[in-house]
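Input: a single structure, listed below in structure tokens.
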Amino acid sequence: MFLKLVPRAEHSRKMAYLSPLLAGVLTLITGGVFFYLQGHDPFFALKTMLYTPISDTYGLAELCVKTTPILLCAIGLAIVFKAQVWNIGAEGQLLIGGLAASALAVNIIEVEAAWAMPAVMLAGIAGGALWALLAAWLKTHFNANEILTTIMFNYIALNLLIFSVHGPLKDPDGYNFPESAMFGDASLLPILVEDTRVHAGILFALLAVVIIWVLLARSFIGFQIKVLGLDASAARLAGFKDKKLVWITMLISGGLAGLAGAGEVAGPIGQLVPQISPGYGYAAIIVAFLGRLHPVGILFASLLMALIYMGGEMAQIELNMPLAITGLFQGMLLFYLLACDVLIGYKIKFPWSGMDTVTSRAEQH
Amino acid sequence: MDIDLITNILYAMIRTGTPLLIVALGEMVCEKSGVLNLGQEGMMLMGAVAGFIATWLTGNLFFGFLMAIVAGVLMSQLFAMIALGLNANQVATGLALTIFGTGLSAFIGSGFVGNPIEGLDVIAIPFLSEIPVIGKMLFAQDLIVYLSFVLFGVIFWFFRSSRTGLIVKAVGENPHAANAIGLPVMRTRYLAVAFGGAMAGLAGGYLSLAYTPLWAENMTSGRGWIALALVVFASWRTERILLGAYLFGLASILHLVAQGLGFAVSPNLLAMLPYIATVLVLVMMSRNQGQSKMYAPISLGKPFHAGT
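Residue numbers (full-length UniProt numbering), protein chains in the order written: chain A, 1 to 365; chain B, 1 to 308.
Spelled out as structure tokens, the structure:
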């Protein structure tokens with residue numbers, strides 16, 4: 001190989017922060033080249049995707065709306081991934097959260113009391129948390145790989161949702177459309193900014209960021225989670241209950257994803273429909289990595305991911321591109337990130353740079 | 001239940017199990033060399049879309065399958081570059097490959113959704129296909145099904161009797177020892193990943209060129225993931241992959257069985273069955289930790305640095 005990887009004596013903190021930025025720049029460049037090859041002006045195309053959607057107040061409001069579910073899912077993933085538990089099931093947990101919230105909401109349409117909305121949210125949290133706990137239970141008691149089980153639960157959740165909107169939750173007066181009845185006003189999340197769709201869900205998401213931040217940075221349980229992730233045998237030796245930690249992290253992560261689902265059906269959508277998420281749960285995986293599993297990093301990464309979703313829609317309208325361009329940009333971003341992350345643990349030695357292996361190791365601090 | 005129904009169910013079981021068999025065989029070879037590639041779904045989708053577009057443009061199914069394989073190999077090398085070349089985390093890289101492949105295939109294929117093509121024809125072998133019940137199932141299939149039988153035989157032989165098969169296993173069990181006796185660890189792993197990619201591409205092509213035959217976004221619907229579970233179910237043994245693939249094939253067509261028997265169950269609920277079966281199988285196989293550890297390649301998923 002013409003490039004040589006030289007291990008660093010110590011992981012580079014600087015690189016850990018630079019890598020997402022570098023990945024973003026590489027994605028932009030590749031995206032530009034890609035637009036150029038498609039016969040578009042690359043600068044105009046990138047501007048259309050990444051600036052035009054948020055160039056007015058309405059756009060900024062929509063950014064908040066789209067950030068909410070992504071942020072909720074990703075912040076939960078931060079905590080499971082820290083424990084090295086690979087919950088790939090945020091998507092399914094979101095769907096079940098939305099389903100559970102809807103199941104309650106359509107039964108309390110007439111209720112005008114103030115408890116309706118919190119109850120709907122709690123139903124969503126409970127649904128998502130239980131769905132995640134199922135995978136946690138299979139992992140701790142039967143040693144079943146959580147990557148595969150959570151993925152399978154995503155497909156099962158999607159089919160359950162589709163079954164429900166065609167069956168038990170279908171609006172009896174809905175002309176046979178696969179949709180639930182519209183929720184009662186008391187069940188809906190209040191709108192925060194007039195004339196926009198910004199709803200109280202964003203407050204829940206920001207609150208979650210703060211809570212998870214404190215939990216990870218300041219609490220004993222956060223410390224245990226981090227130790228478990230870094231060295232499972234050390235955690236066991238220290239007497240930490242690793243199975244309990246798996247349950248707790250999955251509970252939090254599933255609950256937050258469930259809340260995201262409840263926030264979607266009781267927020268911008270207002271009813272249960274077959275498609276309540278364009279893959280927010282999967283996008284949240286990218287966001288969690290991009291944000292370095294740190295709550296603040298994840299906040300910024302969620303905004304970026306929401307922007308990519310909006311940019312994809314804008315590119316569809318303005319540039320006549322397929323909507324799938326969103327997924328393409330997401331995948332590229334994650335790939336570049338993984339490649340750039342190599343720089344955290346390694347130095348790249350080019351063949352034309354001389355024999356400085358030893359000195360470069362000594363330079364590390 | 002009459003004979004015709006059983007005959008047709010068995011026939012459909014093989015057809016449905018074939019893409020699973022092909023991907024799972026490829027992934028097993030890859031895992032035997034110590035590399036866990038979770039990108040099967042992404043590679044399959046790329047194979048499906050590349051094969052479909054190539055056939056749509058040229059009208060040539062053979063060329064379509066070739067392009068499906070090429071697409072699978074290219075995708076697998078993207079994984080290999082990052083996971084093997086740059087020593088990145090294999091789980092994260094595999095996930096990235098699936099997310100990227102899902103996005104890229106949807107993008108490339110967006111202009112081709114709903115286009116019809118002439119799918120792969122069934123070739124009935126004279127006399128043999130006339131055998132009651134099993135004749136149609138084994139001898140009235142298309143070329144790729146027959147090819148999958150051959151691939152199964154070759155891989156079975158490869159790990160049982162060939163020297164190269166032994167090298168692949170050595171590299172997956174103990175890369176350091178393999179390296180010490182001069183076996184090419186990295187080259188073996190790159191090739192194993194490429195083989196896995198070719199098989200995933202072929203399986204994807206089978207879906208879009210023979211099984212359906214059409215292109216739709218996300219048309220693999222989790223088959224790549226089911227194949228990963230299948231390898232665990234099979235405890236990394238070739239003959240059990242065959243068994244597992246057809247069992248899952250059967251689980252996926254249970255709605256046909258239900259219809260045949262006159263049950264009225266929601267198709268959406270029946271659509272969950274293969275996924276539920278996968279979870280159950282994983283639970284059954286993983287319950288005994290010692291046993292599952294015994295069969296898994298010891299160095300599965302661990303990066304290898306020569307000289308450490």
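Where is the CB? At the ideal position from N, CA and C, for every residue including glycine.
For residue 35/A, no Cβ of chain B is located within less than 7 Å of the residue's own Cβ.
Within the segment 263-288 of chain B, those residues whose Cβ lies closer than 7 Å to any Cβ of chain A are, in chain order, 266, 268, 269, 271, 272, 275, 276, 278, 279, 282, 283, 286, 287.
Residue 122/B carries a strand assignment under DSSP once its states are collapsed to helix, strand and coil. The Cβ of residue 215/B sits no closer than 7 Å to any Cβ of chain A. Using a Cβ-Cβ cut-off of 7 Å, residue 104/B counts as an interface residue toward chain A, since at least one Cβ of chain A sits closer than that to its own.
Listed in chain order, the non-local C-beta contacts of residue 269/B below 7 Å within the same chain number zero, local neighbours out to five positions each way being set aside.
Taking a C-beta cut-off of 9 Å against chain A, the contacting residues of the segment 205-232 of chain B are 217, 221, 222, 225, 226, 228, 229, 232, listed in chain order.
Listed by position along chain A, the residues whose Cβ is nearer than 7 Å to that of residue 74/B form an empty set, because the closest Cβ is around 14 Å away. The Cβ atoms of residue 95/B and residue 209/B lie no closer than 7 Å to each other. Note that the segment 145-156 of chain A touches the segment 90-105 of chain A; at least 3 beta-carbon pairs, one per stretch, sit closer than 8 Å.
Annotation: residue 122/B has no Cβ neighbours in chain A at a cutoff of 7 Å; minimum Cβ distance is about 30 Å. Closest option to residue 246/A, judged by alpha-carbon separation, among 215/A, 229/A, 220/A: 229/A. Rounded to whole angstroms, the Cβ separation of residue 29/B and residue 117/B is 30 Å, and the two are not in contact under 8 Å. In this structure, residue 123/A lies near residue 104/A, with their beta-carbon atoms less than 7 Å apart.
Residue 249/A and residue 226/A have their C-alpha atoms roughly 11 Å apart.
Ranked by Cα distance from residue 296/B, the first of 232/B, 256/B, 137/B, 50/B is 232/B. When C-beta distances to chain B are compared with 7 Å, every residue of the segment 45-67 of chain A stays at or above that value. By the rule that beta-carbons nearer than 7 Å mark a contact, residue 304/B does not touch chain A.
Distance from the Cα of residue 52/B is smallest, within the candidate group 90/B, 36/B, 110/B, for 110/B. Burial state of residue 86/A is buried, judged by a 10 Å Cβ sphere holding 16 or more other Cβ atoms.
Around residue 283/B, the same chain offers no residue with a beta carbon nearer than 8 Å, after the five sequence neighbours per side are excluded.
If you check the CB distance, residue 23/B and residue 271/B do not come in under 7 Å. Put simply, of 310/A, 339/A, 258/A the residue whose alpha carbon is nearest the alpha carbon of residue 74/A is 258/A.
Under the DSSP assignment, residue 170/A falls outside any beta strand (DSSP E); it carries neither an H nor an E label.
When Cβ-Cβ separations below 7 Å define contact, residue 227/A makes no contact with chain B. Bounds of the beta strand (DSSP E) holding residue 346/A are 346-349. In the displayed model, residue 6/A falls within a strand according to three-state DSSP. Under the three-state reduction of DSSP output, residue 140/B falls in the strand class. Secondary-structure assignment with DSSP links residue 199/A through a beta bridge to 191/A. 101/B is the residue among 101/B, 119/B, 18/B whose C-alpha sits nearest the C-alpha of residue 330/A.
With respect to chain A, the C-beta atom of residue 107/B has a partner C-beta closer than 7 Å. Annotation for residue 5/A: 346 place their beta carbon closer than 6 Å to its own, counting only its chain and skipping 5 residues before and after. The Cβ atoms of residue 188/B and residue 33/B lie closer than 7 Å to each other. For a cut-off of 8 Å, the C-beta gap from residue 192/B to residue 73/B is around 12 Å, too long to register as a contact. Residues of chain B whose Cβ lies closer than 7 Å to the Cβ of residue 310/A do not exist; the shortest such Cβ separation is about 16 Å.
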